[in-house]
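Inspection log for the structure reproduced underneath, given as structure tokens.
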Amino acid sequence: MKKKNTIIAAIILVLVVAAAALLYMKFKPETTEGAKEIKVSVIHADGSEKTFEYHTDEEYLGEVLTTEKLVEGEDGQYGLYILTVDGETADESKQQWWCITKGGEMVNTSADTTPIQDGDQFELTLKEGY
Numbered sequence: 467m468k469k470k471n472t473i474i475a476a477i478i479l480v481l482v483v484a485a486a487a488l489l490y491m492k493f494k495p496e497t498t499e500g501a502k503e504i505k506v507s508v509i510h511a512d513g514s515e516k517t518f519e520y521h522t523d524e525e526y527l528g529e530v531l532t533t534e535k536l537v538e539g540e541d542g543q544y545g546l547y548i549l550t551v552d553g554e555t556a557d558e559s560k561q562q563w564w565c566i567t568k569g570g571e572m573v574n575t576s577a578d579t580t581p582i583q584d585g586d587q588f589e590l591t592l593k594e595g596y
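Per the working numbering, the sequence shown starts with residue 467, numbered consecutively.
This is the structure in structure tokens:
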């Protein structure tokens with residue numbers, strides 16, 4: 467009886483994972499091929515703000531940020547982990563980190579998996595505290 471329950475649980479788990487994968491593929495943000503113009507505002511720890519405009523054919527934000535040398539970071543388990551933006555490095559001893567927002571709303575993806583569309587506006591803000 468236990469073996470039968472284990473097999474049923476495993477089948478249900480596989481079906482749930484497959485359904486989640488299908489939903490992700492159906493609703494994931496779309497990328498756009500071709501020329502795009504985006505703006506990236508950097509909000510430093512002192513509150514100063516600087517805006518950069520980029521013309522690109524890239525499809526993801528991380529590609530633009532690294533190609534244009536606006537950010538430096540390291541590859542992590544979720545993609546690019548941004549450490550430095552516009553020459554300012556997050557101080558991990560102060561629990562500082564770079565937050566990516568789009569039009570003021572926090573994105574739920576890493577820079578590497580954040581698709582860009584023509585006219586998008588992103589913000590990179592140095593935050594303190596996890």
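Cβ atoms here follow ideal geometry from the backbone N, Cα and C, with glycine treated the same way.
Nearest-angstrom Cα separation, counted from residue j out to residue i
{"i": "S559", "j": "E594", "result": "10 angstroms"}
{"i": "T533", "j": "L488", "result": "32 angstroms"}
{"i": "A484", "j": "S514", "result": "46 angstroms"}
{"i": "V506", "j": "N574", "result": "17 angstroms"}
{"i": "T555", "j": "G500", "result": "32 angstroms"}
{"i": "F518", "j": "E529", "result": "15 angstroms"}
{"i": "V508", "j": "V551", "result": "8 angstroms"}
{"i": "K516", "j": "E525", "result": "23 angstroms"}
Proximity of residue i and residue j at Cβ, strictly below 8 angstroms
{"i": "L527", "j": "G539", "result": "no"}
{"i": "K502", "j": "I582", "result": "yes"}
{"i": "A511", "j": "L592", "result": "yes"}
Span of the alpha helix (DSSP H), counted from its first residue to its last, around residue i
{"i": "V530", "result": "527-533"}
Boundaries of the beta strand (DSSP E) in which residue i is found, first to last residue
{"i": "K505", "result": "502-509"}
{"i": "I566", "result": "562-568"}
{"i": "Q587", "result": "587-594"}
{"i": "I582", "result": "Segment: none, I582 is in no beta strand (DSSP E) and carries neither H nor E."}
Where residue i falls, given that 16 or more other Cβ within 10 Å makes a residue buried
{"i": "T580", "result": "buried"}
{"i": "L479", "result": "exposed"}
Nearest-angstrom Cβ-Cβ length linking residue i and residue j, presumed shorter than 8 angstroms
{"i": "A577", "j": "G545", "result": "7 angstroms"}
Residue i: CB within 7 angstroms of a non-hydrogen atom of the ligand NAD
{"i": "I509", "result": "For the ligand NAD, the structure offers nothing, since it holds no ligand at all."}
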